[in-house]
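K.L.:
Encoded as structure tokens, here's the structure I'll be asking about.
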Ligand code: OAD
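Numbering (this note's numbering), first residue to last: 63 to 304.
In structure tokens:
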């Protein structure tokens with residue numbers, strides 16, 4: 063029996079499943095990952111772009127970077143990994159997708175039971191009145207940095223930056239599910255950013271199973287019951303013959 067067959071068998075016997083995704087899920091949609099050969103953090107200094115300090119220091123520069131990422135993401139379409147994960151939501155009654163991705167592609171593929179723990183790149187938040195707005199668009203260069211229509215405060219991308227905590231309520235819901243689910247499937251994440259990376263350990267500790275799909279081994283492989291190495295989209299195609 064191949065590892066893919068084993069995973070398929072496991073999936074069809076589950077009543078509850080948590081799926082944790084990272085940038086690798088969107089790689090086949092043409093969105094660069096953060097780490098690795100062509101990773102975003104190889105070519106850009108994270109401390110200059112994805113921190114509260116960077117934004118305070120140069121909001122226009124930070125917005126130019128996010129606007130550029132919006133442009134790439136707007137051209138992208140969900141791939142078989144996104145659709146396969148949506149299919150898991152349909153098959154398994156008690157289901158939760160936890161994504162570190164901010165690109166909205168899971169929703170575009172139809173996922174509903176989803177928590178975006180690092181926010182969403184298309185949502186803005188006013189630094190003054192806290193008003194949030196969601197719009198799938200690119201700002202014109204002269205609009206940067208954008209201002210709140212309500213109070214003229216500076217808008218920021220509603221994403222989690224380095225040094226910022228994840229929304230407490232969201233993470234509490236993630237933990238509640240992780241501590242009761244039968245298994246977790248970890249897809250396309252290097253699992254080095256915490257607290258997201260801790261989620262599979264909570265599942266394991268409570269006796270749940272850990273499955274992993276990634277191009278290469280990660281630290282999650284050590285606690286994985288089944289690890290499948292390869293491109294997530296191609297693996298999901300084989301899993302479900304989409
Ligand atoms: P990373 O770039 O750290 O890791 C991407 C992972 O996906 C790696 O382990 C790759 O091996 C794997 N991968 C790449 N292409 C793949 C493919 N086609 N199929 C399967 N796996 C593939 O991205 P994340 O783990 O998502 O946070 O990074 C976590 C967080 O770090 C991000 O949410 C972001 C970043 O800093 C914030 O901005 C707060």
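Glycine included, every Cβ here is placed at the ideal spot set by N, Cα and C. From a predicted model like this one, the values you see are computed outputs, not experimental measurements.
1) Runs of 3 residues minimum, wholly inside the stretch 184–224: which ones carry the beta strand (DSSP E) assignment?
2) Under 9 Å, do residue 154 and residue 77 count as touching if we go by C-beta distance?
3) Can you give, in chain order, each stretch of the beta strand (DSSP E) that sits fully within the stretch 233–282 and has at least 3 residues?
4) Who are the near neighbours of residue 206 in its chain, counting only those whose CB is closer than 7 Å to its CB and skipping five residues on each side?
5) CA-CA distance, residue 244 and residue 271?
6) On the criterion of 16 or more Cβ atoms from any shown chain inside 10 Å, does residue 90 qualify as buried, or is it exposed?
7) With DSSP as the reference, label residue 178 as helix, strand or coil.
8) Pop quiz: residue 217 and residue 187 are said to be a contact at Cβ under 8 Å. What is the actual Cβ separation, rounded to whole angstroms?
9) DSSP three-state label for residue 83, please.
10) Taking residue 302 as part of the beta strand (DSSP E), name the residues at either end of that continuous run.
11) Hey, would you say the C-beta of residue 168 is under 8 Å away from at least one heavy atom of the ligand OAD?
12) Let's test the definition: count the other Cβ atoms within 10 Å of the Cβ of residue 304 and tell me whether it reaches 16, buried, or not, exposed.
13) Smallest Cα separation from residue 199: which of 96, 227, 208, 230?
14) Which whole runs of the alpha helix (DSSP H) in the stretch 100–181 are 4 residues long or more, in chain order?
15) For the ligand OAD, I want to know if residue 103 counts as a neighbour, meaning its beta carbon is within less than 8 Å of at least one of the ligand's heavy atoms.
16) Can you check which of these residues, 292, 273, 161, is closest to residue 284 by C-alpha distance?
17) Taking only the alpha-carbon atoms, compute the straight-line gap between residue 116 and residue 144 and give it to the nearest angstrom.
18) Output yes or no for whether 9 Å exceeds the beta carbon distance between residue 167 and residue 81.
19) Less than 9 Å separating the beta-carbons of residue 228 and residue 176?
20) Could you give the first and the last residue of the continuous beta strand (DSSP E) run that contains residue 290?
P.N.:
Let me spell this out:
1) 194–196, 217–221
2) yes
3) 245–249, 271–276
4) 122, 125, 126, 129
5) 6 Å
6) buried
7) strand
8) 7 Å
9) The three-state secondary structure of residue 83, taken from DSSP, is strand.
10) Looking at the DSSP string, residue 302 is not in any beta strand (DSSP E); the run it does join, the alpha helix (DSSP H), is 294–302.
11) In this structure, the C-beta of residue 168 stays at least 8 Å away from each heavy atom of the ligand OAD.
12) With a pLDDT of 46 at residue 304, under the threshold of 50, the modelled position of this residue cannot be trusted; read the value that follows with caution. By the 10 Å Cβ count, residue 304 comes out exposed.
13) 208
14) For the stretch 100–181, whole alpha helix (DSSP H) runs of length 4 or above, ordered along the chain, are 102–105, 108–111, 114–119, 121–137, 142–153, 167–170.
15) Because some heavy atom of the ligand OAD lies under 8 Å away, the Cβ of residue 103 counts as near it: yes.
16) 273
17) 32 Å
18) no
19) By the CB criterion at 9 Å, residue 228 and residue 176 fall outside the cutoff.
20) 288–291
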